[in-house]
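Numbering (this note's numbering), first residue to last: 38 to 148.
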């Protein structure tokens, strides 16, 4: 993979993380998603330091799926930004790591 493609992917994933972080930092979500926001910050820094974007995206997809399923179990409506982030981040997960990536999306989840 060329350096430009890696840089572009890193930039796109960082943009997704920033948008999700900003949305979940709103007053209505801030308390519920504080831990997730901390994870987003750490993953953003991992990408900044040059970590593999696919591995970071895979970790995030697992974390977001967990949040979505937890909300489903607790009957809490999921923010649409979670759905958008999941759909977009799935594109960056390497094929051999996609075992769990679509699991949460197979449930009838209220977005």
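We put the beta carbon where it would ideally sit given N, CA and C, even for glycine.
Quantities reported herein were computed from a predicted structural model and do not represent experimental measurements.
Keeping to the same chain, check which residues put their C-beta closer than 6 Å to that of residue 103; ignore five residues upstream and five downstream. Position 66 of the chain shown, counted from the start, is the residue given in the question as residue 103. Nothing listed; no residue qualifies.
Excluding the 5 residues flanking residue 97 on each side, which residues of the same chain have their C-beta closer than 7 Å to its C-beta? Numbered from its first residue, the chain shown carries residue 97 at position 60. The answer, listed in chain order, is 80, 126.
In three-state terms, what does DSSP make of residue 111? Walking along the chain shown from the start, residue 111 turns up at place 74. In this structure, residue 111 counts as coil in the three-state DSSP scheme.
Once you ignore the five residues that flank residue 148 on each side, which residues in its own chain have a CB closer than 7 Å to its CB? For the purposes of this step, residue 148 is identified with residue 111 of the chain shown, where counting begins at 1. Model confidence at residue 148 stands at a pLDDT of 47, short of 50, so the residue's coordinates are unreliable and nothing is read from them.
Tell me whether the region 58-72 and the region 83-99 touch, counting them as touching only if at least three CB pairs, one residue from each stretch, are closer than 8 Å. With contact defined as three or more Cβ pairs closer than 8 Å, the region 58-72 and the region 83-99 are not in contact.
For residue 81, the first and last residue of its enclosing alpha helix (DSSP H): Taking the chain shown and counting its residues from 1, the one referred to as residue 81 is at position 44. Here the alpha helix (DSSP H) through residue 81 covers 71-85.
Whole-angstrom distance between residue 107 and residue 138, CA atom to CA atom: Counting from 1 along the chain shown, the entry for residue 138 is found at position 101. Counting from 1 along the chain shown, the entry for residue 107 is found at position 70. Per-residue confidence for residue 138 stands at a pLDDT of 47, beneath the threshold of 50, marking its modelled position as unreliable; the derived number appears in the next sentence. Taking the straight line joining both Cα atoms gives about 15 Å.
Are the Cβ atoms of residue 130 and residue 84 separated by less than 8 Å? The count along the chain shown starts at 1 and reaches residue 130 at position 93. The count along the chain shown starts at 1 and reaches residue 84 at position 47. No, the pair does not count as a contact, with Cβ atoms beyond the cut-off.
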